[in-house]
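>
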Amino acid sequence: MMAQALQFFAAEFETVSKTLSFTLYEVCVNLHLQDRLRTEIFDNFKKHDGITCKGVSEMKFLDMCIAETLRKYSVLPFLDRTCLRDYKVENSDLVIEKGLDVYIQLFALNYNPEFFTQPEKYDPQKFANKSKINNEGLYYVPFGDGPRIFIGNRFELLAVKIGLVSLLSKYKLEATSQTPRPIKFEPKALILQSNVGVPLKFVPI
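Given below as structure tokens:
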């Protein structure tokens, strides 16, 4: 039990920190998004008198930004599953046999222009209507799906939201001479990360 709990929290902290870092990076290099997000945060503060779980859950643009980060920056670039029965891939002769381990490349899904227009561009408007996502097939699965969906997904989303709200309500983010444009990933890392970190300047508001 203790080992499972430690593994859970270790995985959580890693994914939360990476998702938070990539979101901060994008709203830093896209200042109009940062301004819009900060406006939503301050409007919400007036309604709820500061940071509350209920208030954070009501921030639609914040949710859109995080969803877009999880699309563009899949912290874990793949999902692994075991085939439970023989499965013939549509429009091909390929049969995935029962018991075979299958690795699903999330970048192939998240950067497919059939699912997301201008996939290279960070645009939270892709998630303006989240109810339409996955209507034509299961292609957006940042935490997996089904009985083996990542158990800590709600905790991660809440932690990232609170982190963003806390930082953006106190600081304006600015790029520095070391801020990469675009980000280049560390090729040998299992979990997605920048090869030079994410250097940003925090200016108190």
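Note that the sequence shown ends on residue 194 in this note's numbering; no numbers are left out.
Every residue gets a Cβ at the ideal spot worked out from N, C-alpha and C, and that includes glycine.
Being a predicted model, the structure only gives us computed values, none of them experimental.
Identify which residue in 81, 80, 190, 83 has its Cα closest to the Cα of residue 244.
Nothing in the structure corresponds to residue 244, since the chain is present only between -10 and 194.
> Leaving out five residues on either side along the sequence, give the residues of the same chain with a beta carbon under 8 Å from the beta carbon of residue 8.
One-based indexing of the sequence shown puts residue 8 at position 19. Excluding sequence neighbours, residue 8 sits near 55, 58, 59, 62, 64, 145, 149.
> Could you pull out every unbroken beta strand (DSSP E) segment of at least 3 residues lying fully inside the segment 47 to 105, listed in chain order?
Here the runs fully enclosed are 67 to 71, 90 to 94.
> Within a Cβ cutoff of 6 Å, which residues of the same chain sit near residue 128, ignoring the five residues on either side of it in sequence?
The residue labelled residue 128 in the question sits at position 139 within the sequence shown. If we look at residue 128 and ignore the five residues flanking it on each side, its Cβ neighbours are 98, 104.
> In this structure, how does DSSP classify residue 119 when only helix, strand and coil are distinguished?
Translated into the one-based positions of the sequence shown, residue 119 becomes position 130. Here residue 119 sits in helix by DSSP.
> Following a CB-centred definition, is residue 163 positioned closer than 7 Å to any heavy atom of the ligand SAM?
Within the structure as shown, the ligand SAM is missing, as the structure has no ligands at all.
> Could you check where the beta strand (DSSP E) with residue 110 kicks off and where it finishes?
What you label residue 110 is simply residue 121 of the sequence shown in a count that begins at 1. Premise fails: residue 110 is in no beta strand (DSSP E) and is neither H nor E.
> Express the C-alpha separation of residue 83 and residue 11 in angstroms, rounding to a whole number.
For this step, residue 11 is matched to residue 22 along the sequence shown. For this step, residue 83 is matched to residue 94 along the sequence shown. Going from the Cα of residue 11 to the Cα of residue 83 covers about 37 Å.
> Answer with buried or exposed for residue 183, where buried requires no fewer than 16 other C-beta atoms within 10 angstroms of its C-beta.
As a first step, residue 183 must be located in the sequence shown, where it is residue number 194. Buried: at least 16 other Cβ atoms inside 10 Å.
> So, under 8 Å CB-CB, residue 15 and residue 111 are touching, yes? Tell me the CB distance rounded to an integer number of Å.
Counted from its first residue, the sequence shown places residue 15 at position 26. Counted from its first residue, the sequence shown places residue 111 at position 122. Confirmed, about 5 Å.
> Please determine, among 193, 168, 179, 192, the residue with the shortest C-alpha to C-alpha distance to residue 185.
What you label residue 185 is simply residue 196 of the sequence shown in a count that begins at 1. That would be 168, whose Cα lies nearest to the Cα of residue 185.
> Nearest to residue 94 by alpha carbon, out of 174, 135, 131, 51?
Numbered from 1 along the sequence shown, position 105 holds the residue referred to as residue 94. Among 174, 135, 131, 51, the Cα nearest to that of residue 94 is on 131.
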